[in-house]
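Undergrad:
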Amino acid sequence: MKKNILFGLVFITGLTLAGVLAGCKKSDSGLAPYADNPQLSGLAIEKLSFRPKINWLGGYVSVLGINRGSKAALDSSLVWLVYVPGNNLHYPVQFGVLPSGAQDLTAKYGGKKSDSLFEDAQYTFWLMKEDAWNQLSTAADKNLTVDPSLSTSSVVVAGDSVRVTPMSLARTTENLDVFVNITSFESRGNLADITVIQPTTNNYPVIRWKIKQQGVTDSLISVAGLVEGNQYTPTGSKWEVWSVDSSSGKKVYGRNNVIAPPLLAGTKIPGTQTFVEFPAEGLKRNVDYYLWIANKSWDQQAYTRFTPNYAYVVFHTK
Numbered sequence: 003m004k005k006n007i008l009f010g011l012v013f014i015t016g017l018t019l020a021g022v023l024a025g026c027k028k029s030d031s032g033l034a035p036y037a038d039n040p041q042l043s044g045l046a047i048e049k050l051s052f053r054p055k056i057n058w059l060g061g062y063v064s065v066l067g068i069n070r071g072s073k074a075a076l077d078s079s080l081v082w083l084v085y086v087p088g089n090n091l092h093y094p095v096q097f098g099v100l101p102s103g104a105q106d107l108t109a110k111y112g113g114k115k116s117d118s119l120f121e122d123a124q125y126t127f128w129l130m131k132e133d134a135w136n137q138l139s140t141a142a143d144k145n146l147t148v149d150p151s152l153s154t155s156s157v158v159v160a161g162d163s164v165r166v167t168p169m170s171l172a173r174t175t176e177n178l179d180v181f182v183n184i185t186s187f188e189s190r191g192n193l194a195d196i197t198v199i200q201p202t203t204n205n206y207p208v209i210r211w212k213i214k215q216q217g218v219t220d221s222l223i224s225v226a227g228l229v230e231g232n233q234y235t236p237t238g239s240k241w242e243v244w245s246v247d248s249s250s251g252k253k254v255y256g257r258n259n260v261i262a263p264p265l266l267a268g269t270k271i272p273g274t275q276t277f278v279e280f281p282a283e284g285l286k287r288n289v290d291y292y293l294w295i296a297n298k299s300w301d302q303q304a305y306t307r308f309t310p311n312y313a314y315v316v317f318h319t320k
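The numbers in my numbering rise by one with no breaks, and the one at position 64 of the sequence shown is 66.
Shown next as structure tokens:
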């Protein structure tokens, strides 16, 4: 009797294990194992990259499109259009890397493929299932929109736009923001009006100034510095460069005007010595900065808005 019971338990356990293994076997259909035809959602674009990875929820798709601007369309604003038949476009997809078995259809609709995306440019990313693509692949120049009120597999063409069920289309519009942005800009001081130009290829800003102090005609300066914070403090210094003159046999600092605009922060300038190196990573986000300049006639003591031959600018990054 015990042997029969033991045999029965082994037999049932074997059937259960076989069922679990069969359920875990990857489907040959190429579709993600989602039930009930889920909505495409969670379209996510990798941050801080000009060749971002693109990920999403709701199963595999057939089409990935990227347009310049706020419109999803089969038109000349396309910078990339990828097609894989049978909803076999798997996530994630990295911009510019053509997935296995995919076709690049960008040029077919008048678009021009980019090697990378661009700083501060707006892009619309969109995904489409094959059922909708089969109906819309000839709908050039129409704005593709998501309409949650439509039933599964529904597509409605109306004038210059197309409404598609969220089961078959997802889209998002984003401004590419890889480098820091400069806001809350405020220039003060007697010597000059200062402008800090927002970086677009790295986090090293370009500094320009226009002399305004009466009687000063030389646009060159002798000292430049950057402090973290909204006022000057020696302990907050993030960059400091002074002119240096050794002609007398000993070093004299800040008495030669040798620094010309425009000035790339962190640059090595002949005739100067850097006392605090500019941070290798450049400007940080969400920080107040105080950038100051002075010429050879500055008293090298006062750091106020009323100090002759001295000027500064306060700005914020985000």
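Beta carbons are placed, not taken as given, at the ideal position from N, Cα and C, and that holds for glycine.
On the three-state DSSP scale, how would you describe residue 128?
TA: Taking the first residue of the sequence shown as 1, we reach residue 128 at position 126. Strand.
Undergrad: Just list the residues that DSSP pairs residue 188 with in beta bridges.
TA: As a first step, residue 188 is located in the sequence shown; it is residue number 186 there, counting from the start. Its beta-bridge partners are 316.
Undergrad: Answer yes or no: does any C-beta atom of chain C fall closer than 8 Å to that of residue 249?
TA: The structure shown contains no chain C, having only a single protein chain.
Undergrad: CB-CB under 8 Å to residue 43, same chain, minus the five flanking residues each way: which ones, in chain order?
TA: Start at 1 with the first residue of the sequence shown, and residue 43 comes out as number 41. Excluding positions up to five away in sequence, the list reads 58, 59, 60, 168 and 172.
Undergrad: Is the Cβ-Cβ distance between residue 192 and residue 312 less than 8 Å?
TA: Counting from 1 along the sequence shown, the entry for residue 192 is found at position 190. Counting from 1 along the sequence shown, the entry for residue 312 is found at position 310. Yes, they are a contact pair.
Undergrad: When the Cα atoms are used, what is the spatial distance from residue 153 to residue 133?
TA: Here residue 153 refers to the residue found at position 151 when the sequence shown is read from its first residue. Here residue 133 refers to the residue found at position 131 when the sequence shown is read from its first residue. Between residue 153 and residue 133, the C-alpha separation is close to 13 Å.
Undergrad: I'd like to check one pair, residue 260 with residue 271: are the Cβ atoms closer than 8 Å?
TA: Locating residue 271 in the sequence shown gives position 269, counting from the first residue. Locating residue 260 in the sequence shown gives position 258, counting from the first residue. Result yes, Cβ atoms of residue 271 and residue 260 sit closer than 8 Å.
Undergrad: When the Cα of residue 229 is compared with those of 144, 162 and 295, which residue comes out closest?
TA: By one-based count along the sequence shown, residue 229 stands at place 227. Of the candidates 144, 162 and 295, the one whose C-alpha sits nearest the C-alpha of residue 229 is 295.
Undergrad: Only counting the same chain, and skipping five residues up and downstream in sequence, which positions put a Cβ closer than 6 Å to that of residue 254?
TA: One-based indexing of the sequence shown puts residue 254 at position 252. Correct list, in chain order: 247.
Undergrad: Please report the distance separating the alpha-carbon of residue 202 from that of residue 293.
TA: On the sequence shown, residue 202 is found 200 positions in, with the first residue counted as 1. On the sequence shown, residue 293 is found 291 positions in, with the first residue counted as 1. Each residue's Cα considered, the two are about 19 Å apart.
Undergrad: Would you call the CB atoms of residue 319 and residue 285 closer than 8 Å?
TA: The residue given as residue 319 occupies position 317 in the sequence shown. The residue given as residue 285 occupies position 283 in the sequence shown. The answer is yes: Cβ separation under 8 Å.
Undergrad: Does DSSP put residue 238 in a helix, in a strand, or in coil?
TA: Counting from 1 along the sequence shown, the entry for residue 238 is found at position 236. Three-state result, residue 238: helix.
Undergrad: Where does residue 137 fall in DSSP's three states?
TA: Counted from its first residue, the sequence shown places residue 137 at position 135. Here residue 137 sits in helix by DSSP.
Undergrad: What are the start and end residues of the beta strand (DSSP E) that includes residue 230?
TA: If you number the sequence shown from 1, residue 230 lands on position 228. Note, residue 230: beta strand (DSSP E), 225 to 230.
Undergrad: Can you give me the Cβ contacts of residue 102 inside the same chain, cut-off strictly under 8 Å, excluding the 5 residues immediately before and after it?
TA: The sequence position of residue 102 within the sequence shown is 100, counting from 1. Excluding positions up to five away in sequence, the list is empty.
Undergrad: Mark residue 150 as exposed unless 16 or more other C-beta atoms lie within 10 angstroms of its C-beta, in which case mark it buried.
TA: In the sequence shown, residue 150 corresponds to position 148, counting from 1. Classification for residue 150: exposed.
Undergrad: When the Cα atoms are used, what is the spatial distance from residue 280 to residue 163?
TA: What you label residue 280 is simply residue 278 of the sequence shown in a count that begins at 1. What you label residue 163 is simply residue 161 of the sequence shown in a count that begins at 1. Residue 280 and residue 163: Cα-Cα distance of roughly 50 Å.
Undergrad: Count the other CB atoms, across all protein chains shown, that sit within 10 Å of the CB of residue 288; report buried if there are 16 or more and exposed otherwise.
TA: Your numbering for residue 288 matches position 286 in the sequence shown. Exposed, because fewer than 16 other Cβ atoms sit within 10 Å of the Cβ of residue 288.
Undergrad: How long is the line joining the alpha carbons of residue 244 and residue 303, rounded to whole angstroms?
TA: In the sequence shown, counting from the first residue as 1, residue 244 sits at position 242. In the sequence shown, counting from the first residue as 1, residue 303 sits at position 301. Approximately 14 Å, taken between the alpha carbons.
Undergrad: Comparing C-alpha positions only, which one of 179, 82, 139 and 56 sits nearest to residue 95?
TA: Walking along the sequence shown from the start, residue 95 turns up at place 93. Considering only alpha carbons, the answer is 56.
Undergrad: Do you know offhand how far residue 127's Cα is from residue 189's?
TA: Residue 127 sits at position 125 when you count from the first residue of the sequence shown. Residue 189 sits at position 187 when you count from the first residue of the sequence shown. Rounded to whole angstroms, the gap between the alpha carbons of residue 127 and residue 189 is 39 Å.
Undergrad: CB residue 111 to CB residue 160, shorter than 8 Å?
TA: As a working mapping, residue 111 is identified with position 109 in the sequence shown. As a working mapping, residue 160 is identified with position 158 in the sequence shown. Not a contact, by the Cβ cut-off of 8 Å.
Undergrad: How many Å lie between residue 74 and residue 115 at the Cα?
TA: Counting from one through the sequence shown, the residue named residue 74 turns up at place 72. Counting from one through the sequence shown, the residue named residue 115 turns up at place 113. Rounded to the nearest angstrom, the two C-alpha atoms are 15 Å apart.
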